[in-house]
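Colleague:
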Amino acid sequence: MPVSPKMRAMVLNSPGQPLELRRIDIPQPGPGQVLIRVKACGVCRTDLHIIDGELTNPKLPLIPGHEIVGTVVGIGAGVERFGTGDRVGVPWLGYSCGRCRYCQRNQENLCDNPRFTGYTIDGGYAEYTVADQRYCFRVPEEFGDMEAAPLLCAGLIGYRSYRMINKDIKRLGIYGFGAAAHIIAQVAKYEGKSAYAFTKPGDLKTQEFARQLGAVWAGDSTQSPPEQLEAAIILAPVGTLIPQALRMIVKGGSVICGGIHMSDIPSFPYEILWGERVIRSVANLTRQDGEELFKIAPKIPIKTTVQVFPLEAANDALSQLRNGRIEGAAVLKISD
Ligand SMILES: [Zn+2]
Ligand SMILES: [Zn+2]
Numbered sequence: 004m005p006v007s008p009k010m011r012a013m014v015l016n017s018p019g020q021p022l023e024l025r026r027i028d029i030p031q032p033g034p035g036q037v038l039i040r041v042k043a044c045g046v047c048r049t050d051l052h053i054i055d056g057e058l059t060n061p062k063l064p065l066i067p068g069h070e071i072v073g074t075v076v077g078i079g080a081g082v083e084r085f086g087t088g089d090r091v092g093v094p095w096l097g098y099s100c101g102r103c104r105y106c107q108r109n110q111e112n113l114c115d116n117p118r119f120t121g122y123t124i125d126g127g128y129a130e131y132t133v134a135d136q137r138y139c140f141r142v143p144e145e146f147g148d149m150e151a152a153p154l155l156c157a158g159l160i161g162y163r164s165y166r167m168i169n170k171d172i173k174r175l176g177i178y179g180f181g182a183a184a185h186i187i188a189q190v191a192k193y194e195g196k197s198a199y200a201f202t203k204p205g206d207l208k209t210q211e212f213a214r215q216l217g218a219v220w221a222g223d224s225t226q227s228p229p230e231q232l233e234a235a236i237i238l239a240p241v242g243t244l245i246p247q248a249l250r251m252i253v254k255g256g257s258v259i260c261g262g263i264h265m266s267d268i269p270s271f272p273y274e275i276l277w278g279e280r281v282i283r284s285v286a287n288l289t290r291q292d293g294e295e296l297f298k299i300a301p302k303i304p305i306k307t308t309v310q311v312f313p314l315e316a317a318n319d320a321l322s323q324l325r326n327g328r329i330e331g332a333a334v335l336k337i338s339d
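The letter at position 90 of the sequence shown is residue 93 when you use the numbering used here, and the numbering goes up by one with no holes.
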């Protein structure tokens, strides 16, 4: 392998600390693993939850990052799906056991013994990473490396959330217009739905961004849209949005929570849930979600808006994400 033995990586030594730029050994691919030269890695809100300690028990030290696009530069024993030179995408779900009750009924996203990229196994804030070939995707060639990275989590989780709403509805509310929302707004429009975008009160810039991406209405999360919604997807980690969204949807409608972590949900009167309204969370992804998204993405075609940072500016990218200053998605550009 024409690779030097060391690589640069941004490493989490302990939660609550900024990432540290380190030179560490390039990992070697074990059986069933591919070694990937990372080109791009998206920066996701989940990374913030891990770094802040809201998601507990990460691998430590940890290389975060679970929206990886790169090129296979080495393969371990038994790898047959990919060869050297192939472009691959690595998502959040890095492994599932295949044996638990969830895996056996096509719910590998709920696996009892999972491993998650950039959380319980090392991820993509580094020049190289290894991944289990079975969980890697082929990335459609229509997408550049930077543009493809946000599809690997924002796209996938957004898409899974979107698939949880009733297919026949027309009016969809989207709360929290960040990386995932900017992707599913395009899917919703393509499928003939009207998207209503809700942002932090007063965030006129993001509201304008949502309109550019096809939202028929954009306003503050505290506002009522001109029409009643039939479903809502919540992508901001803010529990108060759940009763707010419930008040906006029709009988039989659902409020889907796409985030992995959320602040507490305040108590609310039963009558806003009454009428067979549903609240449900969406956890992780299945490989099938990915296959579906990557099939539909080039047809739409989804255009991701990315703000690019060098690897060593990962802390800066994270703080801009925290402060709501990223339009679309932040992506680390790690190699050409
Ligand atoms: Zn399992
Ligand atoms: Zn993510």
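Heads up, the beta-carbon is just placed ideally off N, CA and C, and yes, glycines get one too. Everything numeric in this text was worked out from a predicted model, so none of it was measured.
Kindly give me the distance between the Cβ atoms of A3 and I337, rounded to whole angstroms, as I take these residues to be in contact under 8 Å.
Modeller: Because the chain in this structure spans residues 4 to 339, residue 3 falls outside the shown range and cannot be described.
Colleague: Suppose you measure from the CA of T59 to the CA of I53; what does that come to, to the nearest Å?
Modeller: Along the sequence shown, one-based indexing puts residue 59 at 56. Along the sequence shown, one-based indexing puts residue 53 at 50. Distance between the alpha carbons of T59 and I53: 7 Å.
Colleague: Straight-line CA distance for M13 to K196?
Modeller: As a position in the sequence shown, residue 13 is number 10, starting the count at 1. As a position in the sequence shown, residue 196 is number 193, starting the count at 1. If you take the alpha carbons of M13 and K196, they lie about 40 Å apart.
Colleague: Going by CA-CA distance only, name the one from G255, V285 and V37 that's closest to I275.
Modeller: As a working note, residue 275 is residue 272 in the sequence shown. Nearest C-alpha to I275: G255.
Colleague: Between A286 and the rest of its own chain, which residues show a CB-CB distance below 7 Å, the 5 nearest in sequence each way excluded?
Modeller: One-based indexing of the sequence shown puts residue 286 at position 283. Same-chain partners within the cutoff: N112 and L113.
Colleague: Can you grab the Cα-Cα spacing for the pair M327 / V334, in whole Å?
Modeller: Mapped onto the sequence shown, residue 327 falls at position 324. Mapped onto the sequence shown, residue 334 falls at position 331. Here residue 327 turns out to be Gly, not Met, going by the sequence shown. If you take the alpha carbons of G327 and V334, they lie about 15 Å apart.
Colleague: For ligand 2, any of its heavy atoms closer than 7 Å to the Cβ of H69?
Modeller: The residue given as residue 69 occupies position 66 in the sequence shown. Yes, the beta carbon of H69 sits closer than 7 Å to at least one heavy atom of ligand 2.
Colleague: In terms of residues, what are the limits of the beta strand (DSSP E) holding E233?
Modeller: Stepping through the sequence shown from its first residue, residue 233 is reached at position 230. L232 to I237 is the extent of the beta strand (DSSP E) around E233.
Colleague: Count the C-beta pairs between the segment 199-219 and the segment 152-169 that are closer than 8 Å, then say yes if the count reaches three, no if not.
Modeller: Touching, no, given that fewer than three Cβ pairs across the two stretches are closer than 8 Å.
Colleague: Ligand 2 heavy atoms versus the CB of C156: any closer than 7 Å?
Modeller: Translated into positions along the sequence shown, residue 156 becomes position 153. True, at least one ligand heavy atom lies under 7 Å from that Cβ.
Colleague: Since K9 is in the beta strand (DSSP E), which residue starts that stretch and which ends it?
Modeller: Counting from one through the sequence shown, the residue named residue 9 turns up at place 6. Run containing K9: K9 to V14, per the beta strand (DSSP E) assignment.
Colleague: Tell me which same chain residues have a C-beta within less than 7 Å of the C-beta of V219, skipping the five on either side of it?
Modeller: Mapped onto the sequence shown, residue 219 falls at position 216. If we look at V219 and ignore the five residues flanking it on each side, its Cβ neighbours are S197, A198 and Y199.
Colleague: Please classify C44: does DSSP put it in a helix, a strand, or coil?
Modeller: The sequence position of residue 44 within the sequence shown is 41, counting from 1. C44 falls in the strand class under three-state DSSP.
Colleague: Return yes when the C-beta of R48 is under 7 Å from any heavy atom of ligand 1, and no when it is not.
Modeller: Along the sequence shown, read from residue 1 onward, the residue named residue 48 stands at position 45. False, no ligand heavy atom lies under 7 Å from that Cβ.
Colleague: Hey, would you say the C-beta of G97 is under 7 Å away from at least one heavy atom of ligand 1?
Modeller: Taking the first residue of the sequence shown as 1, we reach residue 97 at position 94. Checking every heavy atom of ligand 1 against the Cβ of G97, none is found closer than 7 Å.
Colleague: Which partner residues of I27 appear in the DSSP bridge assignment?
Modeller: Counting from one through the sequence shown, the residue named residue 27 turns up at place 24. I27 pairs with M10.
Colleague: If you drop the 5 nearest sequence neighbours on each side, which residues of the same chain put their C-beta closer than 6 Å to that of R250?
Modeller: Locating residue 250 in the sequence shown gives position 247, where the first residue counts as 1. These residues qualify, in order along the chain: I275.
Colleague: Where does K203 fall in DSSP's three states?
Modeller: In the sequence shown, residue 203 corresponds to position 200, counting from 1. Three-state DSSP puts K203 in coil, outside helix and strand.
Colleague: Closest to D206 by CA distance: which of Y178, R141, E230 and G217 is it?
Modeller: The residue labelled residue 206 in the question sits at position 203 within the sequence shown. Nearest of Y178, R141, E230 and G217 to D206, Cα basis: Y178.
Colleague: Start and end of the beta strand (DSSP E) containing S257?
Modeller: Locating residue 257 in the sequence shown gives position 254, where the first residue counts as 1. Run containing S257: I252 to C260, per the beta strand (DSSP E) assignment.
Colleague: Nearest to Y105 by alpha carbon, out of D55, K170, N116 and Y165?
Modeller: As a first step, residue 105 is located in the sequence shown; it is residue number 102 there, counting from the start. Closest by alpha carbon: N116.
Colleague: Would you check whether ligand 1 has a heavy atom nearer than 7 Å to the C-beta of C260?
Modeller: Looking up residue 260 in the sequence shown gives position 257. No, ligand 1 has no heavy atom inside 7 Å of this Cβ.
Colleague: Using the beta-carbon count (16 or more within 10 Å), is L96 buried or exposed?
Modeller: Here residue 96 refers to the residue found at position 93 when the sequence shown is read from its first residue. Per the 10 Å Cβ criterion, buried.
Colleague: With distances taken Cα to Cα, identify the nearest neighbour of P34 among D135, V253 and P204.
Modeller: In the sequence shown, residue 34 corresponds to position 31, counting from 1. The shortest C-alpha separation from P34 is found at D135.
Colleague: Is the beta carbon of N116 within less than 7 Å of some heavy atom of ligand 1?
Modeller: On the sequence shown, residue 116 is found 113 positions in, with the first residue counted as 1. True, at least one ligand heavy atom lies under 7 Å from that Cβ.
Colleague: Measure how close the beta-carbons of I263 and A248 come, nearest whole angstrom, since I'm counting them as under 8 Å.
Modeller: Locating residue 263 in the sequence shown gives position 260, where the first residue counts as 1. Locating residue 248 in the sequence shown gives position 245, where the first residue counts as 1. Contact doesn't hold; Cβ gap of about 18 Å is too wide.
Colleague: Please name the residue in D28, H69 and R25 whose C-alpha comes closest to that of L288.
Modeller: Taking the first residue of the sequence shown as 1, we reach residue 288 at position 285. Residue H69 is the option with its Cα nearest to L288.
Colleague: If distances are taken between C-alpha atoms only, which option among Y128, Q107, G56 and D28 comes closest to F312?
Modeller: Counting from 1 along the sequence shown, the entry for residue 312 is found at position 309. Measuring from the Cα of F312, the nearest candidate turns out to be Y128.
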